[in-house]
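Residues in the sequence shown are numbered consecutively from 1, following UniProt numbering. In what follows, a structure is listed as structure tokens, so that the remarks can point back to it.
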Amino acid sequence: MLRSINNMHIPESFKSLRTNIRFALRGLDSQVILVTSAVDGEGKSTNAFLLAAACAIDNKKVLLIDADMRRPSIHELASIVNRSGLSNVLSQQCSIAEAIRETGIAGFHVITSGPTVNHLPELLASNQMKLMLYELRKAYDVIIIDSPPMLRVTDAQILASLADGVLLVVGYGKTKSKLIKKVKVQLERANARILGAVLNKVPRSSESYSAYYG
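This is how it looks when you write it as structure tokens:
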């Protein structure tokens, strides 16, 4: 994925998405955006990665955090080894600086998931998580969190409460409306701000297409 991004333009749909989110969250010096989905297989991680890349090429300092620690994939998209990462930081086994990795794209860094640990919901709801985001806001313009699907585990609801806004990735022809309604209820319970949805994998010529709905 990383090599292909370095050699191709970011799809215009992600540039449009970037702009819409920027206006929705205007006034914030640093934006924390959660990218999630209802269930697995809807393309949330790829969308989170491409959105982060779109922000980085717009001269923003961007950090992508893989918080889907049960099924991590950001390290594969970035072509890096998943060594020390988010779980290590939250367990205080390494510093934030030690967990940040370069991607090869200027201004675009990642924190991989790190190894799987027990008590994930407790770690994500911990003061250490809040402190980490507080410190990262000082260094980055945009922080994107790739979370687990909302209906799989409670992790995503916890993370949504920490973000400035939530972007829901919806698989074209896959995600049923009743599941989207369940996600909406969970996000409202977390007092999360829903920025909109990305309709992913829409048939359009030879490539998938993402659209923004505020």
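Glycine included, C-beta positions come from ideal geometry on N, C-alpha and C.
* Output the distance between the C-alpha atoms of S113 and S95, rounded to the nearest integer angstrom. => Looking at the two C-alpha atoms, the distance is approximately 14 Å.
* On the three-pair Cβ rule with 8 Å, is the segment 35–48 touching the segment 161–181? -> Yes, since at least three Cβ pairs between the segment 35–48 and the segment 161–181 fall closer than 8 Å, the two stretches touch.
* Where R101 falls, given that 16 or more other Cβ within 10 Å makes a residue buried -> It counts as buried.
* Could you name each continuous alpha helix (DSSP H) segment of 4 residues or more that falls completely within the UniProt domain "AAA" (31–171), going from the start of the chain to the end? => Counting whole runs of 4 or more residues, the UniProt domain "AAA" (31–171) contains the alpha helix (DSSP H) stretches 44–56, 74–77, 86–90, 96–99, 120–124, 127–137, 155–160.
* For L136, the nearest candidate out of A190, E98, K44 (CA to CA) -> Of the listed residues, the one whose Cα sits closest to L136 is E98.
* Asked: What are the partner residues of G27, as DSSP defines its beta bridges?
  -> Within the DSSP bridge table, the entry for G27 names no partner.
* Is it buried or exposed for G43, if we count other Cβ within 10 angstroms and need 16 for buried? -> Buried is the call here.
* To do: Pull up the CB-CB distance for V183 and L131, whole angstroms please, since I reckon it's below 8 Å.
  => Not really, about 28 Å apart at Cβ, beyond 8 Å.
* Asked: Within the 9 Å Cβ cut-off, does A53 reach chain C?
  -> In the displayed structure, chain C is absent; only one protein chain is listed.
* Cβ-based burial, F23 [other Cβ within 10 Å; buried from 16] -> Flag for F23 reads exposed.
* To do: May I have the straight-line CA-CA distance separating A48 from I145, to the nearest angstrom?
  => Rounded to whole angstroms, A48 to I145 spans 8 Å at the Cα level.
* Asked: Does the distance from the C-beta atom of V142 to that of V35 stay below 9 Å?
  -> With contacts defined as CB atoms closer than 9 Å, V142 and V35 fail to qualify as a contacting pair.
* Take K60 and list the residues in its own chain whose beta-carbon comes closer than 7 Å to its own, dropping the five residues that flank it on each side. => G107, D141, V142, listed in sequence order.
* **Collapsed DSSP secondary structure at N200 in the structure displayed** => Reduced to three states, the DSSP call for N200 is strand.
* **Among N191, R70, L123, nearest to P148 - alpha-carbon criterion** => It is R70 whose Cα lies nearest to the Cα of P148.
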